[in-house]
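Just add 216 to wherever you are in the sequence shown, counting from 1, and you've got my numbering.
All residues carry an ideal CB built from backbone N, CA and C; glycine is no exception.
Computed from a predicted structure; not experimentally measured.
Just below is one structure, and these are the notes that go with it.
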Amino acid sequence: MSLQRFLARAFASLPGNLIVKMTGGTPITVEGRTLEPQLQLAAWNGRNAPPLSSMPAETVQEAMKAQFALLADVPSEGASVTELTIPGPDGNAIPARLYRPSAQDPRHPLIVYFHMGGGVIGDLDTCHAWCAMLALGAQAPVLSVDYRLAPQHVFPAGLNDCIAAYKWGVANAPRFGAPGGKAAVGGDSMGGNFSAIISQLMKREGGPLPALQLLIYPAIDISKDYRSKKSFAKSFPLDVDTMDWFMAQYLPAGTDTTDLRVSPGQEKDLSGLPPAVVITAGHDPLSDEGDEYAARLNAAGVPVVHKRYDSLAHAFTSFTLISPGSRAACHEIAEMVHDVFARAARASA
């Protein structure tokens, strides 16, 4: 472990009240939701960071890669990891990483997973520890997808990579000890956006519906303003200015933000979609749209498990090294996925 990582973990292990004293003396509380002290410490440490919009996109990508590496947790033991390549939709090769748990349930489907990053940052390492945790908790293989990023590859390149990866996962699931002809989709933030879009797209096209859509603090409607985008406009680590910068990189000029391939929340008919696990974070500009989408899915008759972690922030799956609440939430989410798979297996027996 590097000195920086050691210090980050050491400071985060201090008592919560001491951390609050070190970081301004007052807990960060918005709309009655108090941020976990360890995440308040992370926010305090990053308070003087330059805005992403002040740097070239390539510089941001490298800087955020280093930041994620600093905070990345060590993957749990018990999951094997294999590097793969998936054929892309434009003759490109899509790097991917497969996680197989030692105690895999052969009835549980393959989970095709898409990392966060606004369509601009992130890679397989961004969600490395979390994907291992998900595979172990869900007792299912996880295929993490390194889709193309903007601005080098603008919309819909990254989305098309994810669609191709999902279809490849459905066709190749038996290779990984999972049932054939189906797969689940999942992702956090932009990855949640892609997962919701793929679920709707498969319904419209009559393709193989995902066995589950795992939507973790998803970006659901780029076109719409929500109260949380105002209440948490300056939140850590995602603020509204950063969201706008991401979209300026990701979407070509003139893109209709109500396009269902951009804003799945614009879909009026949510009936017939796959079962969903929808997770939101309390300190997050995206919290309201995720909460609303979960409620709409439920009203449309879709089986939904929904939980908002009020003390956590956006991107918490990447903060498990320093945040006990994030670590506990990730374990709980993996168990939620396991329970959905187990119920489906019992129902089909």
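Using the Cα positions of residue i and residue j, report the straight-line distance between them to the nearest angstrom.
| i | j | result |
| --- | --- | --- |
| glycine 481 | alanine 464 | 20 Å |
| glycine 262 | alanine 516 | 41 Å |
| proline 434 | aspartate 500 | 10 Å |
| serine 564 | lysine 398 | 14 Å |
| histidine 554 | leucine 350 | 9 Å |
| methionine 332 | aspartate 404 | 5 Å |
| lysine 523 | threonine 496 | 6 Å |
| proline 267 | methionine 238 | 24 Å |
| tyrosine 509 | serine 527 | 21 Å |
| valine 518 | alanine 550 | 20 Å |
| alanine 561 | aspartate 441 | 39 Å |
| alanine 224 | alanine 279 | 17 Å |
| arginine 316 | aspartate 341 | 16 Å |
| alanine 394 | phenylalanine 557 | 12 Å |
| serine 360 | phenylalanine 227 | 31 Å |
| arginine 391 | valine 358 | 12 Å |
| leucine 417 | aspartate 339 | 24 Å |
Is any heavy atom of the ligand MN found at a distance shorter than 8 Å from the C-beta of residue i?
| i | result |
| --- | --- |
| cysteine 347 | Looking for the ligand MN in the displayed structure turns up nothing, as the structure carries no ligands at all. |
So what's residue i in DSSP terms, helix, strand or just coil?
| i | result |
| --- | --- |
| valine 290 | coil |
| alanine 212 | The structure shown does not extend to residue 212, since the chain is modelled only from 217 to 565, so the question has no answer here. |
| phenylalanine 588 | Outside the displayed span of the chain (217 to 565) sits residue 588, for which this structure offers no information. |
| histidine 554 | helix |
| glycine 481 | helix |
| glutamine 429 | strand |
| phenylalanine 448 | coil |
| tyrosine 509 | helix |
| serine 527 | strand |
| valine 328 | strand |
| proline 424 | coil |
| arginine 225 | helix |
| valine 336 | coil |
| valine 520 | strand |
| arginine 562 | helix |
| arginine 316 | strand |
| arginine 249 | strand |
For residue i, is the classification buried or exposed, using 16 other Cβ atoms within 10 angstroms of its Cβ as the cut-off for buried?
| i | result |
| --- | --- |
| aspartate 457 | exposed |
| glutamate 274 | exposed |
| leucine 234 | exposed |
| glycine 335 | buried |
| glycine 256 | The amino acid occupying residue 256 in the given sequence is glutamine; glycine does not appear at that position. Answer is buried; the Cβ neighbour count reaches 16. |
| proline 491 | buried |
| threonine 536 | buried |
| asparagine 264 | exposed |
| glycine 541 | buried |
| alanine 449 | exposed |
Quick check: is the beta carbon of residue i nearer than 9 Å to any beta carbon in chain D?
| i | result |
| --- | --- |
| glycine 396 | Note that chain D does not occur in the displayed structure, where there is just one protein chain. |
- Item | Secondary structure, beta strand (DSSP E): runs of 3+ residues fully inside the region 265–314 | Fully enclosed beta strand (DSSP E) runs of 3 or longer: 295–303.
- Can you find at least 3 beta carbon pairs, one from the region 363–375 and one from the region 313–326, that sit closer than 8 Å? With a cut-off of 8 Å, the region 313–326 and the region 363–375 do not count as touching, because too few Cβ pairs lie within range.
- Task: Enumerate, from N- to C-terminal direction, the unbroken beta strand (DSSP E) stretches of 3 or more residues contained entirely within the region 340–415.
- Result: The qualifying runs are 358–361, 400–404.
- Item | 4 or more residues per run - each alpha helix (DSSP H) lying fully within the region 456–501 | 456–466, all fully within the region 456–501.
- the region 338–349 touching the region 378–397, judged by at least three CB pairs closer than 8 Å: Contact fails: fewer than three Cβ-Cβ distances are below 8 Å.
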